[in-house]
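Heads up: the structure comes next, in structure tokens.
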Amino acid sequence: GSNLRIKLKLDLEEVANGVEKKIKVKRYVACPPCSGTGAKNGTELKTCATCQGSGQTKRVVNTMLGQMVSASTCPTCNGEGKTISATCDVCKGDGRQLNEEVIPINIPAGVANDMQLSMNGKGNFPERGGVPGDLLIQIEEEPHEFLKRDGNNIMFEQYISFMDAALGASLEVPTIEGKVKIKVEPGTQPGKILRLRGKGIKDLNGYGRGDQLIHLNVWTPKNVSNQEREILEKLRDSDNFTPHPGKNEKGFFEKVKEYFQ
-15 GSNLRIKLKL DLEEVANGVE KKIKVKRYVA CPPCSGTGAK NGTELKTCAT
35 CQGSGQTKRV VNTMLGQMVS ASTCPTCNGE GKTISATCDV CKGDGRQLNE
85 EVIPINIPAG VANDMQLSMN GKGNFPERGG VPGDLLIQIE EEPHEFLKRD
135 GNNIMFEQYI SFMDAALGAS LEVPTIEGKV KIKVEPGTQP GKILRLRGKG
185 IKDLNGYGRG DQLIHLNVWT PKNVSNQERE ILEKLRDSDN FTPHPGKNEK
235 GFFEKVKEYF Q
């Protein structure tokens, strides 16, 4: 039988942990009264008199090179080799019915966008008997409001104030398991990446779980009051607020290189 294709939308939490979904589909199933044969209950299928059960008709053509035999699908039985003496009253000889049903689907953790899952035998039942097709499920991963997926890791952009970067702070950040607290160390530089181990996505093949990476950005105010400007002008002259990169502090490209190693 033919395959049945559907699209299934999943949010980031469902992708990360796996989920069971119940979907409603319309598909052809075997006609119950005739068990998919198309024949009226109590009657038997007969061997096709045209092709003698082979499903093909042969034609002999005389050519200059001799006789050539061509085979084609039998027009009487449509290649099935059997004919119906009395058709089923329910399916009218088709052997199948269109049915709407709810199918449970177990989605494993770690699936990705556009990935295709297959359920054997859950497709359409063929006309007058045979093997049903498969149900093909294409995954559509919906974007998260705050979090972004990168492989098995989850990325999050966190803006902090200049004061929090200088003095340190305790902040709450969203994860796929709810909010968690993170600690911003005093003297944190823009671009620093914090890692929450095990807060990412489960590997599809069972090889552990990814992390959540928090990229810290320092927010610079665009408008300041006169009083705030006076305070900042005083701080500008302080030696502590003059850039003094240490020898041990890595540059931007070094950080990027180290991150991908």
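Using my numbering, the first residue of the sequence shown is number -15, and each one after it goes up by one. Even glycine gets a Cβ: it sits at the ideal position worked out from N, Cα and C.
Worksheet item: Residues in its own chain within less than 8 Å of E4 by CB, not counting five upstream and five downstream?
Response: Residue 4 sits at position 20 when you count from the first residue of the sequence shown. The residues are P88, I89, N90, I91.
- Task: My understanding is that E85 touches K(-9), with C-beta atoms under 8 Å, so please give their C-beta distance in whole angstroms.
- Result: Along the sequence shown, one-based indexing puts residue 85 at 101. Along the sequence shown, one-based indexing puts residue -9 at 7. Not really, about 18 Å apart at Cβ, beyond 8 Å.
Report task. Determine the burial state of V95: buried for a count of at least 16 other Cβ atoms within 10 Å of its Cβ, exposed for fewer. Result -> Translated into positions along the sequence shown, residue 95 becomes position 111. Label assigned to V95: buried.
Checklist entry - So, are the CB atoms of D187 and N136 less than 7 Å apart? => result As a working mapping, residue 187 is identified with position 203 in the sequence shown. As a working mapping, residue 136 is identified with position 152 in the sequence shown. Their beta carbons are under 7 Å apart, which means D187 touches N136 by this criterion.
Checklist entry - Taking the runs of the beta strand (DSSP E) that are 3 residues or longer, which of them lie wholly in the segment 44 to 90? => result 50 to 57, 66 to 68
Identify whether M99 lies in helix, strand or coil by the three-state DSSP scheme.
Position 115 of the sequence shown, counted from the start, is the residue given in the question as residue 99. Here M99 sits in coil by DSSP.
- Residues bridged to Y143 by DSSP? As a first step, residue 143 must be located in the sequence shown, where it is residue number 159. Bridge partners of Y143: N201.
task = Using three-state DSSP, classify K218 as helix, strand or coil.
result = On the sequence shown, residue 218 is found 234 positions in, with the first residue counted as 1. Helix, per DSSP.
Can you tell me whether G194 is buried or exposed? The criterion is at least 16 other CB atoms within 10 Å of its CB, across all chains shown.
As a first step, residue 194 must be located in the sequence shown, where it is residue number 210. Counting Cβ neighbours within 10 Å, G194 comes out buried, since at least 16 surround it.
Inset, instruction - Could you pull the start and end residues of the beta strand (DSSP E) that L178 belongs to? - result: If you number the sequence shown from 1, residue 178 lands on position 194. Unbroken beta strand (DSSP E) run through L178: 177 to 180.
Practice problem: Return helix, strand or coil for Q40, following the three-state DSSP convention. | Solution: Position 56 of the sequence shown, counted from the first residue, corresponds to residue 40. In this structure, Q40 counts as strand in the three-state DSSP scheme.
Apart from the five residues just before and just after N152, which ones in its own chain have a Cβ nearer than 6 Å to its Cβ?
One-based indexing of the sequence shown puts residue 152 at position 168. Rather than Asn, the amino acid found at residue 152 in this sequence is Gly. The answer, listed in chain order, is V168, E169, P170.
Once the 5 residues before and after Q196 are set aside, which same chain residues still bring their CB inside 6 Å of it? If you number the sequence shown from 1, residue 196 lands on position 212. Only I138, T159, L180, K183, G184 meet the Cβ criterion.
**Q.** Neighbourhood of N97 by C-beta, 8 Å cutoff - its chain only, sequence neighbours within 5 removed
**A.** Stepping through the sequence shown from its first residue, residue 97 is reached at position 113. Closer than 8 Å at Cβ, skipping near neighbours: I123, E124, E125.
For L120, the residue or residues it bridges with in DSSP | In the sequence shown, residue 120 corresponds to position 136, counting from 1. Paired residues: R(-11), S102.
Taking its Cβ as the centre, do 16 or more other Cβ atoms sit within 10 Å of P59, making it buried, or is it exposed?
Here residue 59 corresponds to residue number 75 of the sequence shown, with the count starting at 1. Classification of P59: exposed, given that the 10 Å Cβ count is below 16.
Please classify Q173: does DSSP put it in a helix, a strand, or coil? Position 189 of the sequence shown holds residue 173. Note: Q173 maps to coil in three-state DSSP.
Cβ shell of N1 (< 8 Å), same chain only, five flanking positions each side left out | Counting from 1 along the sequence shown, the entry for residue 1 is found at position 17. These residues qualify, in order along the chain: A93, I160, K186.
Indicate whether S154 and K165 have their beta-carbon atoms separated by less than 7 Å. Locating residue 154 in the sequence shown gives position 170, where the first residue counts as 1. Locating residue 165 in the sequence shown gives position 181, where the first residue counts as 1. In contact: S154 and K165 (Cβ atoms closer than 7 Å).
Q) On the three-pair Cβ rule with 8 Å, is the segment 51 to 67 touching the segment 21 to 36? A) yes
Practice task
Return the residue from the list N108, D118, G114, G113 that minimises the CA-CA distance to N102.
Solution key: Looking up residue 102 in the sequence shown gives position 118. Sequence inspection shows Ser at residue 102; the Asn mentioned does not correspond to that position. Closest option to S102, Cα to Cα, is D118.
Problem - Supposed contact pair Q40 and A55 - C-beta distance, whole angstroms, cut 8 Å - result: Residue 55 sits at position 71 when you count from the first residue of the sequence shown. Residue 40 sits at position 56 when you count from the first residue of the sequence shown. Indeed they touch by this definition, with Cβ atoms about 5 Å apart.
Is G20 closer than 7 Å to G79 when the C-beta atoms are compared? Within the sequence shown, the letter at position 95 stands for residue 79. Within the sequence shown, the letter at position 36 stands for residue 20. Yes, they are a contact pair.
message = According to DSSP, is D134 part of a helix, a strand, or is it coil?
response = By one-based count along the sequence shown, residue 134 stands at place 150. Correct three-state label for D134: strand.
Q) For A150 versus V202, is the C-beta spacing smaller than 7 Å? A) One-based indexing of the sequence shown puts residue 150 at position 166. One-based indexing of the sequence shown puts residue 202 at position 218. No; because the gap between Cβ atoms is not below 7 Å, this pair is not in contact.
Under 8 Å by Cβ, that's how I've got G22 and T71 pegged, so tell me the actual separation to the nearest angstrom. Taking the sequence shown and counting its residues from 1, one reaches residue 22 at position 38. Taking the sequence shown and counting its residues from 1, one reaches residue 71 at position 87. So it is a contact: roughly 6 Å between Cβ atoms.
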